[in-house]
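Protein chains in written order, with the numbering used here: chain A, 3 to 286; chain B, 2 to 130.
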C-alpha cells in the first residue's frame, strides 16, 4: 500500500505525520519505506538514525549542437515545446538552454543535418538509507539550479517499488511535484491547519485528488489555532477528518529538536497508532 | 533587480537622464498596450506588447507578444523575437536570469526602469535625450 502525505500549504506538518506513521510501522517490524519526495529540501531522514545503502544519479539527456554543421534552419526550434533552443538565423547563433530542456529528444529527430548529439546532465540524486532490517528511507535530492524536481521524485518513488508499505512525504504546493507524488498513491492524507491559508490550499488539493479519484481524508494539525472555516467546509463537503493534533508548544519543541513526537509523547503516539490502523484497514 | 555585470545595465531614475548613448538604431520597450500612452510592462518575457522604436526614423511598431501563453521559456522566445528585430537596447521592468545572460552574450544592453507609472511616450522621450 502506498500512502501519500500531502498538503497544498507548506509547513502544515506533512513531514511530522509521515515520519510518525513510518516510526510506528517500523517499530512494528513492518516492511516499510518512507520516500522523501520533497526533493527541493528533503528532511525526513533527519529524524532517524540511518545508514546509507546506496546513492544514484538521476540523469537527463540534453542536446549538443555542432554550430559548424548546423545550417541554422530553425527546425529544431519548431520541434521544441519548451523554448529550450535559442537560434538567430541571420547572426548564425544557436544555443541550448539546458535548464529549459526536458530531454524529449525531438530536436534530434528534427535535425536532418546530423548537427545534434546528446550529453548527460545530472538532475539530482536518489539515496537509500536503512533504519532497521525491514525499514528504509529513500531520499530524492534535486541538484541546486536544476529546473524541476519531478524526474528526481519519479526516480525516488520507483526505487520503493519492492516495499509492502510505502509512505510518500509529498512536496508542498499543488503543482507538478505534488501531482507526481500523489498520483502514485493508493490513499492520500491531506494535512492542513485551521486557518484561512490552510483552508484555501486545502480546497486546491482536494480538487486535484478528487479529479484523480483517489481515496483521501484530512488531518488537522495545530487544532485550536485560527477559526472554524476548515471544519465547516469539511462538514459541507462530507470529507472525513482522520486525526487532529493540538496547537501545542511542547510538540513543536520536540519536533524542532529532530525527535519523533510519538517516541516522546505516548498520547500522541496513541493518536498515530489509531491513524495508522485506520488507514491500513482500508487497504486490507 | 540589478545584474552582476553592471556595466551593461543601467537603471533609469528621474535624475539620471544621459544614460543612453546616441547613434542607436533600435530600442525595444515592453508595453502593457498598443499605444504611446500605455504603461511600460514590468515583465519582459510575458509582456503584452513589444514596442520597436527606431531612433533614426522616430518610427514605432507595436508587436503583440505571442509568447505570453508559453508554458515554459517565454523569456527565451521573447529574447529571440527582440534580437531578430535587430534591437540593441531593451527597456523593461525586470529581466529573468536566463534572459540576462543571453542578452549579455549577444551584446544587447538591458535597461531596467523601476518606476511603475512610466508610459511608452515617457520612455521614448528619455531615450532621445
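A virtual CB, placed ideally from N, CA and C, is assigned to each residue, including glycine.
Quick check on this structure: which residue in the options has the alpha carbon closest to the alpha carbon of residue i?
i	options	result
residue 17 of chain A	A:267, A:266, A:55 and A:191	A:191
residue 42 of chain A	A:81, A:254 and A:12	A:12
residue 265 of chain A	A:15, A:26 and A:14	A:26
residue 211 of chain A	A:20, A:65 and A:180	A:180
residue 52 of chain A	A:79, A:110, A:10 and A:137	A:137
residue 171 of chain A	A:159, A:125 and A:134	A:159
residue 5 of chain A	A:238, A:220, A:153 and A:273	A:220
residue 2 of chain A	A:263, A:286 and A:277	No statement about residue 2 of chain A is possible, as the shown extent of chain A runs from 3 to 286 and does not include it.
residue 107 of chain A	A:64, A:14, A:10 and A:71	A:64
residue 126 of chain A	A:86, A:39, A:19 and A:168	A:39
residue 91 of chain B	B:71, B:110 and B:100	B:110
residue 119 of chain B	B:34, B:67 and B:82	B:34
residue 135 of chain A	A:48, A:30 and A:112	A:30
residue 140 of chain A	A:24, A:277 and A:235	A:24
residue 68 of chain A	A:61, A:97, A:247 and A:8	A:97
residue 253 of chain A	A:167, A:223, A:235 and A:276	A:223
residue 68 of chain B	B:79, B:29, B:59 and B:27	B:79
residue 226 of chain A	A:249, A:124 and A:21	A:249
residue 76 of chain B	B:55, B:26, B:62 and B:51	B:51
residue 41 of chain B	B:53, B:74 and B:114	B:114
residue 111 of chain A	A:77, A:131 and A:123	A:77
residue 100 of chain A	A:142, A:122 and A:278	A:122
residue 73 of chain B	A:255, A:81 and A:103	A:103
residue 29 of chain B	B:112, B:53 and B:66	B:53
residue 56 of chain B	B:36, B:126 and B:27	B:27
residue 22 of chain A	A:283, A:284 and A:274	A:274
residue 246 of chain A	A:19, A:3, A:177 and A:8	A:19
residue 283 of chain A	A:128, A:189 and A:71	A:189
residue 28 of chain A	A:163, A:167 and A:73	A:167
residue 153 of chain A	A:183, A:175, A:164 and A:174	A:183
residue 54 of chain A	A:70, A:45, A:46 and A:133	A:133
Would you kindly report the start and end of the unbroken beta strand (DSSP E) that includes residue i?
i	result
residue 225 of chain A	218-225
residue 276 of chain A	Where residue 276 of chain A is concerned, there is no enclosing beta strand (DSSP E), although the alpha helix (DSSP H) it sits in stretches over 268-285.
residue 179 of chain A	No beta strand (DSSP E) holds residue 179 of chain A; the alpha helix (DSSP H) holding it covers 178-184.
residue 51 of chain B	50-55
residue 27 of chain B	27-32
residue 257 of chain A	Residue 257 of chain A -> not in any beta strand (DSSP E); alpha helix (DSSP H) instead, spanning 251-258.
residue 62 of chain B	61-65
residue 90 of chain B	90-93
So who's on the other strand from residue i, going by DSSP bridges?
i	result
residue 170 of chain A	A:6 and A:37
residue 190 of chain A	A:6 and A:218
residue 139 of chain A	A:36 and A:131
residue 58 of chain A	A:128
residue 245 of chain A	A:221
residue 144 of chain A	A:126
residue 121 of chain A	A:64
residue 53 of chain A	A:132
residue 97 of chain A	A:88
residue 41 of chain B	B:32
Tell me the residue span of the alpha helix (DSSP H) that contains residue i.
i	result
residue 99 of chain B	98-107
residue 110 of chain A	108-112
residue 127 of chain B	121-129
residue 113 of chain B	No alpha helix (DSSP H) holds residue 113 of chain B; the beta strand (DSSP E) holding it covers 110-114.
residue 154 of chain A	152-160
residue 211 of chain A	198-213
residue 238 of chain A	231-238
residue 72 of chain B	Element bounds for residue 72 of chain B: n/a, residue is neither H nor E.
Problem - Length-filtered (3 minimum) beta strand (DSSP E) runs lying within the stretch 5-48 of chain A - result: 34-38
Practice task
Report yes or no: do the stretch 29-37 of chain A and the stretch 76-92 of chain A share at least 3 C-beta pairs separated by less than 8 Å?
Solution key: no
Practice task
Check whether the stretch 188-202 of chain A touches the stretch 231-239 of chain A, counting contact only when three or more Cβ pairs, one atom from each stretch, lie closer than 8 Å.
Solution key: yes
Practice task
Mind the definition here: the stretch 143-163 of chain A touches the stretch 107-120 of chain A only if three or more C-beta pairs lie below 8 Å; say whether that holds.
Solution key: no
Handout entry: Contiguous alpha helix (DSSP H) assignments of at least 4 residues, all confined to the stretch 57-89 of chain A
Key = 77-81
Exercise for the section: Please confirm if the stretch 95-109 of chain B is in contact with the stretch 74-87 of chain B, defined as three or more CB-CB distances below 8 Å between the two stretches. Expected result: yes
Handout entry: the stretch 42-50 of chain B touching the stretch 92-100 of chain B, judged by at least three CB pairs closer than 8 Å
Key = yes
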